[in-house]
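Novice: Heads up: the protein sequence lines correspond to chains Z and F, in order.
The opening residue of the first sequence carries number 0 in numbering that gives the first Met the number 0; numbering runs sequentially from there.
The opening residue of the second sequence carries number 0 in numbering that gives the first Met the number 0; numbering runs sequentially from there.
For each residue, glycine too, the CB sits at the ideal point set by N, CA and C.
Predicted, not measured: the structure shown is a model, and the values here were computed from it.
Below is one structure. I have some questions about it.
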Amino acid sequence: MVTREQVEVVVARIRPFIQNDGGDIELVDVSGNRATVRMSGNCVGCPSASMTLYMGLEQALRDEVPGFEELVVV
Amino acid sequence: MRAVFDYVRVVADSDSSILITGETGTGKELIANLIHQASHRRHKPFVPVSCAIFAETLIESELFGHERGAFTGAIKDRPGRFEMAEGGTIFLDDVDDVPLSVQVKLLRVLQNRVIERVGGTRALPVDVRAITGTKRDLKQLVADGKFREDLYYRLNVIPITLPPLRERREDIPLLAETFLKRFFQRRDQPPRPLSPGVLQAFMRYPWPGNVRELENACERIAQTCTCDTVKIGCVPVSVLFHRNTEGAEPVIETHAHPSSVSLEDRLRDVEQGLITWALRVSGGNKSKAAELLQIKRSTLGDRIKKLGLPDSGSDDSGRPASAE
């Protein structure tokens, strides 16, 4: 089981950067082996940015949180 | 880095060997080329050779050339890199990868200024200045018996050491700006500024691949950015999600021994640690450091003064801080 704290540690690493750009990332839910985040701000809608942030975050979570499977962006 | 450039001007025109030591991506070849361009040999060839890309047996033929029939596949005479560089400069990069057997020959060439092609009998005189590059500490390799001491002294007449990017973070914004301008220009697009978030991520990342890695990151950004400012979403994943230890906030360790603790002293230590950290990751820029610490710029100034920290930081406007 993945805990909220484990996911939060990874999310917190990029949050300052996103906030500095006038956006935010919020951890909505962690259940089972998946986490749901909500992103807001300037980068929403940019295909490059969604790719980087979504894939980067999911990869980082898989690398660092044992058993982590899926990231959902709402 | 400015000291390196000044030094290059001083040593460029001599014919002495130069040994450039620096991590991968710090610009060894660039400096070697700069030395060549600033020397009287600038109208003659500059020949860079990486000694790491060749199989052991090939290095010799690559450097000194070979005669027809010297070995299987040697179907015609071929001049070596030393001959190609005649009158100019040869840059032997990754010289630490040259096998011991070839090191002897290299030493002979540098000492006698004469080369002998593989399979050849004639001694050809060469007039070439040798600059060598290494990412490892050659002196240590000598101590370990992996590099010939006599060759080391022959190469290391004038040593130049290039600092890794993480030790000159203050240059990151300027370098990034320069690279982005170049890469956007290649796409016929005007340069775009970096957002504060991107700059923060760049300043914190340790850049193990140094300037080359920064250059590649900027190239990627120029290819993917779709908006008018480079924002955090365009930064490569490896930079963004790096678990950095060096640029991280200092850990506040808990007091282990049970004797009495001075709260004032402890708070002072913590404050000093955090301010030093903020100044370091912001490259000495106090406005940015204050932002990181979520305090006002003036408050930061007061605290630095109160703590008696060395006042070497700068303002955005470039005024000396003591003038306020």
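Mapping DSSP to helix, strand and coil, what is residue 55 of chain Z?
Specialist: Residue state, collapsed to three classes: helix.
Novice: Within 10 angstroms of the Cβ of residue 214 of chain F, are there 16 or more other Cβ atoms? Answer buried if so, exposed if not.
Specialist: The residue is buried, with at least 16 neighbouring Cβ atoms inside 10 Å.
Novice: Just by C-beta distance, which residues in the stretch 256 to 290 of chain F are closer than 9 Å to chain Z?
Specialist: So the close ones are 290.
Novice: Chain C partners of residue 231 of chain F, CB-CB under 7 Å?
Specialist: In the structure shown, chain C does not exist; the protein chains are Z and F.
Novice: Is there a Cβ from chain Z that is less than 9 Å from the Cβ of residue 196 of chain F?
Specialist: Chain Z, which has a Cβ nearer than 9 Å to the Cβ of residue 196 of chain F, makes this yes.
Novice: Between residue 254 of chain F and chain Z, is the shortest Cβ-Cβ distance under 9 Å, so that the two count as touching?
Specialist: With a pLDDT of 45 at residue 254 of chain F, under the threshold of 50, the modelled position of this residue cannot be trusted; read the value that follows with caution. It does not: the Cβ of residue 254 of chain F has no partner Cβ on chain Z nearer than 9 Å.
Novice: Can you grab the Cα-Cα spacing for the pair residue 186 of chain F / residue 51 of chain Z, in whole Å?
Specialist: Spanning the two alpha carbons is a distance of roughly 21 Å.
Novice: At which residues does the beta strand (DSSP E) containing residue 38 of chain Z begin and terminate?
Specialist: Here the beta strand (DSSP E) through residue 38 of chain Z covers 33 to 39.
Novice: In chain order, what residues of the same chain have a beta carbon less than 7 Å from the beta carbon of residue 50 of chain F, not counting five sequence neighbours either side?
Specialist: Result list for residue 50 of chain F: 58, 91, 92, 93, 94, 96 and 97, in chain order.
Novice: Which chain F residues sit within Cβ distance under 8 Å of residue 58 of chain Z?
Specialist: Chain F residues near residue 58 of chain Z: 236 and 240.
Novice: In this structure, how does DSSP classify residue 235 of chain F when only helix, strand and coil are distinguished?
Specialist: Correct three-state label for residue 235 of chain F: coil.
Novice: Bridge partners for residue 193 of chain F per DSSP, in chain order?
Specialist: Looking at the DSSP assignment, residue 193 of chain F forms a beta bridge with F:229.
Novice: Tell me residue 49 of chain F's beta-bridge partners as DSSP assigns them.
Specialist: Paired residues: F:92.
Novice: May I have the straight-line CA-CA distance separating residue 188 of chain F from residue 113 of chain F, to the nearest angstrom?
Specialist: Rounded to the nearest angstrom, the two C-alpha atoms are 51 Å apart.
Novice: Quick one: is residue 35 of chain Z near chain F, going by C-beta distance under 9 Å?
Specialist: Residue 35 of chain Z does not count as touching chain F.
Novice: Note down, in chain order, each residue of its chain lying with its Cβ closer than 7 Å to the Cβ of residue 168 of chain F, except the 5 sequence neighbours on either side.
Specialist: 202 and 282.
Novice: Can you pull the chain Z residues whose beta carbon is under 8 Å from the beta carbon of residue 199 of chain F, in chain order?
Specialist: 15, 16 and 19, listed in chain order.
Novice: Is it true that the CB of residue 32 of chain F sits closer than 9 Å to the CB of residue 44 of chain F?
Specialist: No, they are not a contact pair.
Novice: Using a C-beta cutoff of 9 Å, does residue 0 of chain F count as contacting chain Z?
Specialist: Taking Cβ atoms only, chain Z never reaches closer than 9 Å to residue 0 of chain F, which makes this a no.
Novice: Could you check the C-alpha separation between residue 22 of chain Z and residue 38 of chain Z for me, to the nearest Å?
Specialist: Their Cα atoms are separated by approximately 7 Å.
Novice: Per the contact definition of three or more C-beta pairs closer than 8 Å, is the stretch 152 to 159 of chain F in contact with the stretch 190 to 199 of chain F?
Specialist: They do not touch, by the three-pair rule.
Novice: Say whether chain F places a C-beta atom closer than 9 Å to the C-beta of residue 77 of chain Z.
Specialist: With chain Z represented from 0 up to 73, any question about residue 77 of chain Z goes unanswered, as that position is not in the structure.
Novice: When DSSP labels each residue in this structure, what does residue 20 of chain F get in the three-state scheme?
Specialist: Residue 20 of chain F falls in the strand class under three-state DSSP.
Novice: For residue 60 of chain F, count the other beta carbons within 10 Å of its own beta carbon; 16 or more makes it buried, fewer makes it exposed. Which is it?
Specialist: Label assigned to residue 60 of chain F: buried.
Novice: Residue 274 of chain F and residue 239 of chain F: beta carbons closer than 9 Å?
Specialist: Not in contact: residue 274 of chain F and residue 239 of chain F (Cβ atoms no closer than 9 Å).
Novice: Under 9 Å between C-beta atoms, does residue 2 of chain Z make it to chain F?
Specialist: For residue 2 of chain Z, the answer is no, since every Cβ of chain F falls outside 9 Å of its Cβ.
Novice: Give a yes or no on whether 9 Å exceeds the smallest Cβ distance from residue 226 of chain F to chain Z.
Specialist: Residue 226 of chain F counts as touching chain Z.
Novice: Taking DSSP as the reference, what is the three-state secondary structure of residue 20 of chain Z?
Specialist: Three-state result, residue 20 of chain Z: coil.
Novice: Could you work out which residues of chain F lie near residue 52 of chain Z, taking near to mean beta carbons separated by less than 9 Å?
Specialist: Per Cβ cutoff of 9 Å: 231, 232, 236 and 239.
Novice: Mind checking if residue 25 of chain Z is an interface residue toward chain F, Cβ cutoff 9 Å exclusive?
Specialist: Taking Cβ atoms only, chain F never reaches closer than 9 Å to residue 25 of chain Z, which makes this a no.
Novice: DSSP on residue 32 of chain F, reduced to helix/strand/coil?
Specialist: Residue state, collapsed to three classes: helix.
Novice: With DSSP as the reference, label residue 153 of chain F as helix, strand or coil.
Specialist: Here residue 153 of chain F sits in helix by DSSP.
Novice: DSSP three-state call for residue 69 of chain Z: helix, strand or coil?
Specialist: In this structure, residue 69 of chain Z counts as strand in the three-state DSSP scheme.
Novice: From which residue to which residue does the beta strand (DSSP E) around residue 130 of chain F run?
Specialist: Residues 128 to 133.
Novice: Give me the Cα-Cα distance between residue 13 of chain F and residue 81 of chain F, rounded to the nearest whole angstrom.
Specialist: Looking at the two C-alpha atoms, the distance is approximately 18 Å.
Novice: Strictly below 7 Å CB to CB, what residues from chain Z border residue 223 of chain F?
Specialist: Going along chain Z in sequence order, the residues near residue 223 of chain F (Cβ under 7 Å) are 47.
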